[in-house]
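Read through the structure below, which is laid out as structure tokens, and then see the notes.
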């Protein structure tokens, strides 16, 4: 979503009642240097990234008031993007959360968005917000970021074409999946956007797709969300709210500072 279009629908605090204004509060990353152990738990990486992801979810999925078109209840709704939730057959696949590299480090994907179908055309694109319980660096990617990309592609590639009335029962009888045709039998790219939040309170964007036998990953630099006044919520929202571009593998706005990583899956 172009930034100039996004900024036409900025958050409007005046639409809230006085007692609701605290809903817009965002915790700057400012742990006290002399904090006791109990206080430090309040600033641990997992909690910081989780709170950041929740704030971002509200930012794009209707948690904050905006003057939107009458037919839209959120930015995602306005952009014709749906939140994937149970009993969506994409979630029949695994690999959307895990402990790695140790039992103390956890990563998790959600919310997950997909474009609304257009007539008879269903898009394979997915956008995942992923939280990491560890810090990232600009010269590498984390296991939880790569795993989220591969898991999303795998789940889309194996996604069965299940009628709406049968979806819920599939979670109780997954062995029935084999009797259904694939939802995307001819897709070869499976584009994925990852919004990754890492410690201490940072984020970055990955745009990825398959190209023949190669997995192509474009990775942005790390951006700081330590201060609300400078946090790039609009930039990240513009990527999360991207729509499919017909005839291309993946929408990739020019504002992404990225390098390319190629690997054989």
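In the working numbering, the protein residues as written are 1 to 265.
Even glycine gets a Cβ: it sits at the ideal position worked out from N, Cα and C.
- Annotated as distal: residue 245 and residue 195, with beta-carbon spacing of 8 Å or more.
- In the displayed model, residue 222 falls within coil according to three-state DSSP, outside both helix and strand.
- A residue is called buried when at least 16 other Cβ atoms come within 10 angstroms of its Cβ; residue 202 meets this threshold and is buried.
- Residue 33 and residue 43 have their C-alpha atoms some 11 Å from each other.
- The beta-carbon distance between residue 192 and residue 122, rounded to whole angstroms, is 16 Å. This is too long to meet the 8 Å contact definition.
- Between the C-alpha atoms of residue 200 and residue 58 there is a straight-line separation of about 20 Å.
- The DSSP-derived three-state label of residue 164 is helix.
- Residue pairing by DSSP puts residue 106 in a beta bridge opposite 99.
- In the structure shown, the three-state DSSP call for residue 122 is coil.
- By DSSP's assignment, residue 132 forms a beta bridge with 107.
- Ranked by how close their Cα comes to the Cα of residue 28, the residues 78, 70 and 51 have 51 in first place.
- Between the alpha carbons of residue 3 and residue 238 lies a distance of about 6 Å.
- Counting along the chain, the unbroken alpha helix (DSSP H) around residue 59 starts and ends at 45-61.
- A distance below 8 Å separates the beta carbons of residue 204 and residue 136.
- Taking the Cα of residue 243 as reference, the smallest distance to any Cα among 70, 47 and 77 is reached at 77.
- The criterion of a C-beta distance shorter than 8 Å is satisfied by residue 126 and residue 114.
- Across the set 70, 153, 138 and 132, the C-alpha of 153 shows the shortest separation from the C-alpha of residue 214.
- The DSSP-derived three-state label of residue 78 is helix.
- Close CB contacts of residue 227 within its chain, under the 7 Å cut and outside five residues either way in sequence, are with 28 (chain order).
- By the CB criterion at 8 Å, residue 240 and residue 60 fall inside the cutoff.
- Out of 63, 45 and 49, the CA that lies nearest to the CA of residue 13 is found in 63.
- Rounded to the nearest angstrom, the gap between the Cα atoms of residue 68 and residue 91 is 30 Å.
- Annotation for residue 189: no alpha helix (DSSP H) segment contains it, and DSSP assigns it neither H nor E.
- Going by C-alpha positions, residue 83 is about 16 Å away from residue 155.
- DSSP links residue 206 through a beta bridge to 194 and 219.
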